[in-house]
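The numbers in this note's numbering rise by one with no breaks, and the one at position 294 of the sequence shown is 294. Just below is one structure, and these are the notes that go with it.
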Amino acid sequence: MGGVHTNPGKKLTITAVAFQFFINGLVLAAWATSIPHVKNAYSFNDAELGVVLLIMAAGALLFMSLAGYFSHVFGSRRMSIQSALLFPSALVLIFAAPNCMTFLCSIVLFGAANGAMDVLMNHQAKALEENGFPRIMAFLHGCSSTGILAGIMTFGVIGDGHYVARSVTLLTGILIVARWLFPHLLDDVRSGEHRLAIGELRNCKLLMFGILSFLTMVTDGAIAEWSKLYLIRVEQVTDQVGSLGYVAFTLLMIAGRISGDRVKDAIGCRALIAISGSLASAGMTTALFMPSFAGKLAGFALLGLGMANLVPIIFSEAASMNTVSKTVGLTFVSVCGYSGFLVGPPIIGRIAEAVGLGRALLFIIAVGVIVACASVFFDRHRSGQPEP
């Protein structure tokens with residue numbers, strides 16, 4: 001992690017924050033891979049399932065907006081722990097709900113915990129950087145990607161059924177590790193003024209970060225939803241083989257995030273953003289136009305590498321602005337990003353209905369170009385070297 005040596009206490013703090021990110025990815029993937037089970041269990045049609053997901057999103061967006069305030073009032077460590085433990089607990093309630101009304105209440109709780117946790121764990125990550133810890137924002141987001149992969153394996157690949165038992169086992173394991181690690185989370189993580197001043201949202205640079213966060217997470221959501229179907233339609237492969245596209249995307253994203261902080265220290269944010277956007281465009285182009293299945297997998301892998309460090313850098317830069325508070329910066333880009341992740345799949349789906357899935361995914365090539373061009377708005381300096 002940046003080559004900086006840390007004492008045992010600091011290592012435990014870093015591990016505790018990393019475990020938060022891992023939990024977030026793990027539980028979110030466990031839910032996402034279980035959506036077909038939920039749809040069948042309650043006999044939801046597509047429209048009703050869409051309402052369920054909208055309810056969850058509403059809870060998430062509301063508590064994203066309130067998380068900074070709660071952290072200021074009740075303390076960062078306490079709120080971080082509560083949201084991190086409420087998230088997997090709500091997953092158990094979703095699967096154990098005896099009726100539809102209880103299920104809907106659990107969905108609201110699940111979304112609220114996810115939204116609050118997303119903001120709070122990024123507050124913890126930024127506080128690590130501000131308190132002399134290694135620059136590890138990308139590494140921490142890599143832990144979230146690792147959790148996503150673990151969640152897919154646990155709930156999506158290994159067997160079927162027993163959702164309550166598996167979610168209880170997951171919660172139990174999280175509680176055991178959390179009891180050891182979470183006391184080492186940073187407390188009193190303050191971010192200046194905690195109220196949301198509307199005037200701060202007129203800041204052009206913050207709006208730019210919000211747009212980039214939205215576009216980046218639109219891409220993440222679109223690949224998660226449509227990469228498998230694209231490979232199945234184009235290559236005539238099975239469901240399991242079609243999943244390899246997203247697996248390749250996720251594996252290279254993990255690799256890119258684990259090494260991202262060292263790369264950023266070496267070449268600076270501006271260069272890394274430009275390279276990342278270019279790699280994303282090149283990867284999606286390869287996935288769409290290479291004639292072989294192996295070439296398409298390589299394209300999705302390259303896309304994952306290009307997307308790997310965009311969210312960590314955007315979040316870190318938004319939280320470091322001198323013209324807005326850290327709470328406003330992080331909350332705004334988090335809400336924009338989460339909104340993009342939710343609307344990305346339906347946007348691609350609607351475009352695909354009109355022009356075909358392959359052409360709809362050209363949108364992602366454009367996102368990479370936009371990101372690369374926007375790199376001029378990021379600092380060019382490397383770690384420890386002030387901007388001239």
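Cβ atoms here follow ideal geometry from the backbone N, Cα and C, with glycine treated the same way. Quantities reported herein were computed from a predicted structural model and do not represent experimental measurements.
Here V92 is near L171, since their CB atoms are less than 8 Å apart. Exclusion of the five residues before and after T146 leaves F22, G25, I254 as the residues of its chain whose Cβ lies within less than 8 Å of its Cβ.
L185: not part of any alpha helix (DSSP H); DSSP gives it neither H nor E. With contacts defined by Cβ atoms closer than 8 Å, M64 and V335 form a contacting pair. In terms of Cβ geometry, K126 and L330 form a close pair [threshold 8 Å]. Within a 10 Å sphere around the beta-carbon of I81 sit 16 or more other beta-carbons, which makes this residue buried. In the three-state reduction of the DSSP assignment, V333 falls in the helix class. Residue environment analysis places R135 among the buried positions, since at least 16 neighbouring C-beta atoms fall within 10 angstroms of its C-beta. Excluding five sequence positions before and after I351, the CB atoms of its chain that fall closer than 8 Å to its own CB belong to R359, A360, F363, given in chain order. Nearest neighbour of W180 by Cα position, chosen from L12, L357, H141, turns out to be L12. Shown here for Y230: same chain residues with a beta carbon closer than 6 Å to its own, the five before and five after excluded, namely L357 in chain order. L104 has its alpha-carbon roughly 8 Å from the corresponding atom of I94.
Around L185, the same chain offers T13, A16, V17, Q20, S76, R77, S80, I81, Q124 as residues with beta carbons nearer than 8 Å, after the five sequence neighbours per side are excluded. Closest in alpha carbon position to A58, among A178, G111, E317, N40, is G111. Residues G25, L26, L28, A29, T250 of the same chain have their beta carbon placed closer than 8 Å to that of I148, with the five preceding and five following residues left out of the count. Under the criterion of beta carbons closer than 8 Å, G132 and T216 do not qualify as touching, at roughly 29 Å. As the crow flies, the alpha-carbon of L207 is around 13 Å from that of F378. Closest in C-alpha terms to L53, from the list A67, P36, Y69, comes P36. With a 10 Å radius around the Cβ and a threshold of 16 neighbouring Cβ atoms, N309 comes out buried. Membership of Q82 in the alpha helix (DSSP H) is indicated by the continuous run 76-96. Of R262, G277, C143, I223, the smallest CA-CA separation from S243 is found for I223.
With a beta-carbon spacing of about 13 Å, S213 and V343 fall beyond the 8 Å limit used to define contacts.
Distance check between L140 and each of S106, T154, A266, N122 places N122 closest, using alpha-carbon atoms only. Under the three-state reduction of DSSP output, Q236 falls in the coil class, being neither helix nor strand.
A distance below 8 Å separates the beta carbons of A178 and L85.
With respect to the C-alpha of V376, the residue from Q236, R262, R270, P183 having the closest C-alpha is R270.
Here D261 is buried, its C-beta having at least 16 other C-beta atoms within 10 Å. Here T102 is exposed: its Cβ has fewer than 16 other Cβ atoms, across all protein chains shown, within 10 Å. Inclusion of T219 and V367 in the CB contact set at 8 Å is warranted, their separation being smaller than that value. Spanning the alpha carbons of G349 and G221 requires a straight line of approximately 11 Å.
Between the alpha carbons of E235 and C204 lies a distance of about 44 Å.
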